[in-house]
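Visitor: Those protein sequence lines, which keep their order, are chains A and B. Residue 2 is where the first sequence starts when you use this note's numbering, and the numbers rise one by one after that. Residue 21 is where the second sequence starts when you use this note's numbering, and the numbers rise one by one after that. Take this structure, written in C-alpha cells, and hold onto it; I'll ask about it next.
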Amino acid sequence: RKEVEQDPGPFNVPEGATVAFNCTYSNSASQSFFWYRQDCRKEPKLLMSVYSSGNEDGRFTAQLNRASQYISLLIRDSKLSDSATYLCVVTSTGANNLFFGTGTRLTVIP
Amino acid sequence: DAGVIQSPRHEVTEMGQEVTLRCKPISGHDYLFWYRQTMMRGLELLIYFNNNVPIDDSGMPEDRFSAKMPNASFSTLKIQPSEPRDSAVYFCASSKTSYGYTFGSGTRLTVV
C-alpha cells in the first residue's frame, strides 16, 4: 500500500468555483503534513503546511483528520492561475524525508 | 540565494551510457534529497544525505544507481549503465529541517 494516496483527477472547474481535494495516508505515526503545488514542467513548491486545528491562507484551507488519516485542501473562488497539480505530502516521526502523493491535477476554465 | 541548482536541465543519452546528474544545495542546508518523478509512480525518494552522509538509500532502484556528496555544496547521482526505463525527471532538494524543502528545477533524462 502506498504511503500517500490521492485522486489523480483531473478536476476541471470554472473560474470562481470551490474545489476540494482529499488524500489519505497509511502510517498512523505520520506527524507532519503539507500541500505542495507543481506547475507543468516545474519543480514542486510548498503551498502550505497542514495543522491539526486546520489552517487557512487566503482562499486556501487545509484540514487534517487524524482519526480517519486524511488531509484535505479547499480552494475557494478558483483562479486561472490555480491550475496546477497539487501534491499531498506526509512525513513520519523522526524521519526527515517526505512522502509524496502522485498529485491531483486541477484545471480552472475561463 | 540562487536556490538549489541542478545540471544539466535536459539529458538525452543512449542506453548503456553513463549519466551523471549534479546538484548544488542551498548554502547552510544540511539535508539533501534525490527524487525521481514519473507519470506512473509520481515522486519517489531515491536517497538522502545529512551533513554529507547518506542516511537512507533504500529507494535507489538497483546497483546501477549511485549517489555521492563529497562536500556540503555538491552532490551527484550517477546511473551506469543507463536504461530506457530510467527516463524520468530527477529532482534534487535541500532543507535544514523536514519543513523547509526547496527543490531544484530538475533534470529531465531521456534514455533512448
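Beta carbons: idealized from backbone N, C-alpha and C, even for Gly. Predicted model, so just to flag it, every value in this text is computed and none were measured.
(1) Using the beta-carbon count (16 or more within 10 Å), is A:N98 buried or exposed?
(2) So, is A:G102 buried or exposed, given that buried needs 16 or more other C-beta atoms within 10 angstroms?
(3) Answer with yes or no whether the minimum CB distance from B:S47 to chain A is below 8 Å.
(4) Less than 8 Å between the beta carbons of A:I72 and A:D83, yes or no?
(5) Quick one: is B:L129 near chain A, going by C-beta distance under 8 Å?
(6) Using the rule of at least 16 other Cβ atoms within 10 Å of the residue's Cβ for burial, across every protein chain shown, is A:T25 buried or exposed?
(7) Rounded to a whole number of angstroms, what is the C-alpha to C-alpha distance between B:S78 and B:I99?
(8) With distance defined between alpha-carbon atoms, name the residue in A:K80, A:S29, A:Q32 nearest to A:G17.
(9) Taking 8 Å as the CB-CB limit, is A:L81 close to chain B?
(10) With DSSP collapsed to three states, give me the class of B:P90.
(11) Spatial neighbours of A:V91 within its chain, please: C-beta separation below 6 Å, excluding the five flanking residues on both sides.
(12) Compare the Cα-Cα distances from A:K43 to each of B:V131, B:T130, B:G126 and report the closest residue.
(13) Just the chain B side, please: which residues come within less than 7 Å of A:F101 by C-beta, in chain order?
(14) State the Cα-Cα distance for the pair B:A87 and A:F12, rounded to the nearest angstrom.
(15) Which residues, taken in chain order from the segment 49-60 of chain A, show a beta carbon closer than 8 Å to some beta carbon of chain B?
Guide: According to the structure data:
(1) buried
(2) buried
(3) no
(4) no
(5) no
(6) buried
(7) 16 Å
(8) A:K80
(9) no
(10) strand
(11) V5, Y26, S31, F34, F100
(12) B:G126
(13) G62, L63
(14) 37 Å
(15) S50
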